[in-house]
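The next block holds one structure in the form of structure tokens; read it before the comments.
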Amino acid sequence: MIKIVDLHKKFGDLHVLKGINLNVNKGEVMVILGPSGSGKSTLLRSINLLEVPTSGHIYFDDVDITAKKIDRNRVRQRVGMVFQAFNLFPHMTVLGNVTLALLKVLKMKKDEAVKIGTDLLIRVGLRDKINSYPNQLSGGQKQRVAIARALAMNPEVMLFDEVTSALDPELVKEVLDVMKDLAKSGMTMLVVTHEMGFAKEVGSHVIFMDEGLIVEEGLAADIFENPRHPRTKVFLDAVLH
Amino acid sequence: MEGIQNLLEKYFSVGIIWEILPYLLKGALFTIIFSVSSEIIGIIIGLVTSMIRTSKIKVLNQLAMIYVDLFRGTPLLMQIIFVYYALPYLGINLPAPIAGIVALSVNSGAYVTEIFRAGIDSIDKGQIEASRSLGMSYIKTMRYIIIPQTFKRVLPPLTNEFVALIKDSSLLSVIAISELLRTAREMMTWKLNPSSLTAAAILYLLITLPLTRLVSHMENKLKKSDAH
Ligand SMILES: Nc1ncnc2c1ncn2[C@@H]1O[C@H](COP(=O)(O)OP(=O)(O)OP(=O)(O)O)[C@@H](O)[C@H]1O
Ligand SMILES: [Mg+2]
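Written as structure tokens, this is what we have:
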């Protein structure tokens, strides 16, 4: 479904991605691990073109989305993204956040959009917060709204970038639960996380990144049981114990 | 004692003020019309230019920057004179009132550009990314996400700019527009008494004071809502 070929990204002189090759099949949950600064976020952000690759190709169902003539807004409609900092729109209600793109991008009718938005908010357990504003919500609730907002566009892939890192520990579970359900429903997901329990339980594949390269990849079960690359071992030892 | 008596007679002659008040009020009306229309056009110019300034289109960005620098870095009086007296050589003949509004709004647009740009810059970049990641275009992101959040923050500096514009509109007197200050000076020559200037000052205050009070009020409210 997604095929990344020799992807490079430079910020000025800083070479952040140094030739990433990766395949993600439909329904897979790809967990991305790696130390800070290894390029995890940059990789995710490249997939929905928030970062424009310096060279290399990203194919989405065999269409090269790094091609010049590609409509980036169309690509982004097919890829949902959830951020560490929630990034909810503070001047809109919860429902307003979730329905915005349906109304303004897909030009859907109001009642139709409200129906979809309401269903999604019920799905993430926020039925009674529909008319609240983001500043009236807890971190966990905000992040669930952000997930619903991304799902509203009915994306084929969801990208999660450390979505629980800014949460108080007791609020992490409610967000992970929503993500688990999503994975069960067959959503293709790329997840940057430090939640090893989640990675083990929900991840189907794992890649380990270091200094802009994927140094190890494989089935989640294998990598957690016997990591081969010394860097992966050190990293897993540090986070698991 | 005699000094004070003279001062009162010259600058605070109630009789004269009463007599010329209708003319001054008409001047004040012109001042308001010129300032309000120039401010509105200036806001439209500033809105567009600030979006260009925050976009990534290099050439347009440079042009916008030159525009802002040029009109903030030269005296407004000069700009008014240029629009009215120099443009005719290029075949652009504007009647004085139009030339006045053009000069004032283009000048105000430069200041408004910087006010909006600062406002847009103060919005967290994550807002733009979240919006773009939903497939919203740059224009839609500006319209539905950034500008609405910016507006609240720019209202105080924008109102301050409007107050400055009201006072600056007195410079239109050089191209014979009978706004408040010019009317007052005409009355002064007519009555051989400068009390009209005092009255005009009071009228300026009556127009600007509510606005400056409004700014403090808005700033207080903003402080409270940001503290949330
Ligand atoms: N817009 C940018 N401009 C310049 N440098 C950037 C930019 N974005 C990221 N970088 C740099 O690229 C490198 C990789 O960043 P990235 O955010 O992808 O790492 P990460 O693996 O997600 O790290 P973390 O675990 O801390 O989130 C870092 O050195 C970072 O400073
Ligand atoms: Mg990161």
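Taken in sequence, the protein lines are chains Z and F.
The first sequence begins at 1158 in our numbering and counts up one residue at a time.
The second sequence begins at 426 in our numbering and counts up one residue at a time.
Built from N, CA and C at the ideal position, the CB exists for glycine as well.
Bear in mind that the values here come from a model prediction, so they are computed numbers and not experimental data.
What is the rounded straight-line gap between the Cα of residue i and the Cα of residue j?
i: Asp1221(Z); j: Asp549(F); result: 31 Å
i: Lys592(F); j: Thr538(F); result: 20 Å
i: Met503(F); j: Lys451(F); result: 26 Å
i: Leu1174(Z); j: Gly1191(Z); result: 13 Å
i: Pro619(F); j: Val461(F); result: 28 Å
i: Arg542(F); j: Met476(F); result: 7 Å
i: Arg1229(Z); j: Tyr509(F); result: 47 Å
i: Pro513(F); j: Leu590(F); result: 25 Å
i: Met1187(Z); j: Ser480(F); result: 34 Å
i: Leu519(F); j: Phe459(F); result: 15 Å
i: Phe1317(Z); j: Leu1277(Z); result: 18 Å
i: Thr584(F); j: Pro522(F); result: 23 Å
i: Leu617(F); j: Ile441(F); result: 10 Å
i: Phe1355(Z); j: Glu464(F); result: 56 Å
i: Lys1395(Z); j: Ile491(F); result: The residue asked about is misnamed: residue 1395(Z) is Ala in this sequence, not Lys. Their backbone Cα atoms lie some 54 Å apart in a straight line.
i: Val1335(Z); j: Leu488(F); result: 49 Å
i: Asn431(F); j: Leu634(F); result: 29 Å
i: Asn659(F); j: Arg578(F); result: Lying before the first or after the last residue shown, residue 659(F) is absent from chain F, which here runs from 426 to 653.
i: Val1391(Z); j: His1165(Z); result: 26 Å
i: Ile466(F); j: Gly1213(Z); result: 47 Å
i: Val1332(Z); j: Lys1225(Z); result: 37 Å
i: Met1249(Z); j: Arg1231(Z); result: 24 Å
i: Asn1178(Z); j: Thr1350(Z); result: 20 Å
Which one or two residues does DSSP pair with residue i in a beta bridge?
i: Gly1375(Z); result: Val1363(Z)
i: His1172(Z); result: Lys1167(Z)
i: Asn1180(Z); result: Lys1160(Z)
i: His1214(Z); result: Val1162(Z)
i: Leu1316(Z); result: Met1238(Z) and Leu1347(Z)
i: Leu1370(Z); result: Asp1367(Z)
i: Val1188(Z); result: Val1348(Z) and Val1363(Z)
i: Val1220(Z); result: Phe1217(Z)
Please look up how many angstroms separate the CB atoms of residue i and residue j, rounded, as I've assumed it's under 8 Å.
i: Gly534(F); j: Gln1234(Z); result: Incorrect: roughly 35 Å between the Cβ atoms, too far for contact.
i: Asp1296(Z); j: Leu1328(Z); result: The amino acid at residue 1296(Z) is misidentified as Asp; the sequence shows Gly. About 5 Å separates the two Cβ atoms, so the contact holds.
i: Lys1337(Z); j: Val1359(Z); result: 5 Å
i: His1362(Z); j: Gly1375(Z); result: 7 Å
i: Ile545(F); j: Pro582(F); result: That pair is no contact at about 13 Å.
i: Ile600(F); j: Ala511(F); result: About 12 Å; that fails the 8 Å criterion.
i: Gly1184(Z); j: Thr1389(Z); result: Not quite, the Cβ-Cβ distance comes to about 25 Å (not below 8 Å), so this is no contact.
i: Val1255(Z); j: Gly1274(Z); result: 4 Å
i: Glu604(F); j: Tyr536(F); result: No, Glu604(F) and Tyr536(F) are not in contact; Cβ-Cβ is about 20 Å, not under 8 Å.
Given the structure, does residue i come close to ligand 3, in the sense that its CB is under 7 Å from one of the ligand's heavy atoms?
i: Asp1318(Z); result: Annotation note on ligand 3: not contained in the displayed structure, which lists ligand 1 and ligand 2 as its ligands.
message = Which residues neighbour ligand 1 when neighbourhood means a C-beta less than 5 Å away from any of its non-hydrogen atoms? List them by chain order.
response = Phe1168(Z), Val1173(Z), Ser1193(Z), Gly1194(Z), Ser1195(Z), Gly1196(Z), Lys1197(Z), Ser1198(Z) and Thr1199(Z)
request  = Indicate whether the contact test is met: 3 or more Cβ pairs, each with one atom in the region 1297–1311 of chain Z and one in the region 550–570 of chain F, closer than 8 Å.
outcome  = yes
ask   = Counting Cβ pairs closer than 8 Å, one from the region 601–614 of chain F and one from the region 451–467 of chain F, do we hit at least three?
value = The region 601–614 of chain F is in contact with the region 451–467 of chain F.
request  = Evaluate contact between the region 493–507 of chain F and the region 427–443 of chain F, counting only Cβ atoms and requiring at least three cross-stretch pairs below 8 Å.
outcome  = no
query = Can we say the region 592–603 of chain F touches the region 515–530 of chain F, given the rule of at least three CB pairs closer than 8 Å?
reply = yes
task = Assess, as a yes-or-no matter, whether the region 1190–1209 of chain Z is touched by the region 1286–1304 of chain Z under the definition of 3 or more beta carbon pairs within less than 8 Å.
result = no
ask   = Is there contact here, the region 1181–1200 of chain Z with the region 1358–1372 of chain Z, by at least three beta-carbon pairs under 8 Å?
value = Short answer: they touch.
ask   = Are the region 573–584 of chain F and the region 1256–1267 of chain Z touching, with three or more C-beta to C-beta distances below 8 Å?
value = no
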